[in-house]
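Just below is one structure, and these are the notes that go with it.
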Amino acid sequence: MNRLLSIFYPRKCPYCSRLLKYDMTECLICRAEFPNVPRIEALPTGEICIAPFTYSGAIRRAICDYKFRGKKFNCYSFAGAVVSSIRNVYYKDMGFEIITCVPMSKDRRRERGFNQSELIARYTAEQLNKPFENLLCRDSGAALQHEMTYEERISGNDNSYHIITPENVRGKKILLIDDIMTTGMTLSRCSAVLKSYGAERVFCASVAISKEYDSHNNIQSGS
Ligand SMILES: [Zn+2]
């Protein structure tokens, strides 16, 4: 962690841009504002997704900086927040054997240069001392979720997710990570594919849950 962190210099707090020292991943002022209790939401297929944040304000800016403006360093703070949520909620079930992520199609990956969920999942795995593996892939040409309406995402059939290594899924407890949960359908579909190949349990986590999800599920959330 420290060795990798040292690649990024000077380091700035992802949420307020203050300069950071040593191996800090966010400033103490912003860290003090992190919620102590993570969000816990049920997915359409019954799995639970936990998330430290709601996708708004400084969190939203930090995630956009990470995904679209090259601020990959922010990923350490996101992974750290996901890890503390995992320790809070999944503590007794921490028998994950593999940590994986929602996949990105090859075309999309080429366009963006990296899979934002994969990097978060890799650092989460590093901090939890568990193996990371890309277990799923996604067809190129599959519809882009963010270009669809909420209703289209919920109702559409999407068979574009597939298993890469079935032998590493059977009988395993898997932690599946995404960056932002918008409807829960992406995590549900990926969980369903993992379970169809015999995964014993799938736990889900994301960095943030969208306000869209909240308004469609009548959840009051702060801004
Ligand atoms: Zn800060």
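For the sequence shown, my numbering gives the first residue as 364, with consecutive numbering after it.
Where a beta carbon is used, it is the ideal one built from N, C-alpha and C, also for glycine.
Under a 10 Å Cβ-count criterion, PHE566 is classified as buried, with 16 or more other Cβ atoms of the shown protein chains found around its own Cβ. Annotated as distal: ARG501 and TYR486, with beta-carbon spacing of 7 Å or more. Here the alpha carbon of LYS493 sits roughly 25 Å from the alpha carbon of THR408. Sequence-distant Cβ neighbours of LEU383 in its own chain, meaning closer than 7 Å and more than five residues away, are ARG374, LYS375, CYS376, CYS390. Nearest C-alpha to VAL400 among ALA414, CYS393, TYR378: ALA414. The DSSP assignment places complete alpha helix (DSSP H) segments of no fewer than 4 residues inside the stretch 396-463 at 420-431, 437-452, in order along the chain. In this structure, TYR378 has its CB closer than 6 Å to one or more heavy atoms of ligand 1. In this structure, ILE462 sits away from ALA444, with a CB-CB distance that is not shorter than 7 Å. Taking C-beta atoms under 8 Å as the contact rule, SER448 and ALA568 qualify, at a distance of about 7 Å. CA-CA distance, THR545 to LYS574, rounds to 8 Å.
With respect to the 7 Å criterion, LYS536 and GLY458 are classified as neighbours on the basis of their beta carbons. Per DSSP, the continuous beta strand (DSSP E) segment holding SER569 begins and ends at 564-573.
If you check the CB distance, LEU499 and CYS553 come in under 7 Å.
For ALA488, the closest of LEU538, ALA555, LYS430, SER419 by C-alpha to C-alpha distance is LEU538. Ranking THR512, LYS435, GLU396, TYR576 by CA distance to the CA of LEU482 puts LYS435 first. Assigned with DSSP and collapsed to three states, TYR486 falls in helix.
Between ligand 1 and ARG424, a heavy atom-to-CB distance of less than 6 Å is absent. Put simply, of ASP521, SER559, ALA442 the residue whose alpha carbon is nearest the alpha carbon of SER503 is ASP521. In the DSSP assignment, CYS553 falls within the alpha helix (DSSP H) that extends over 548-559.
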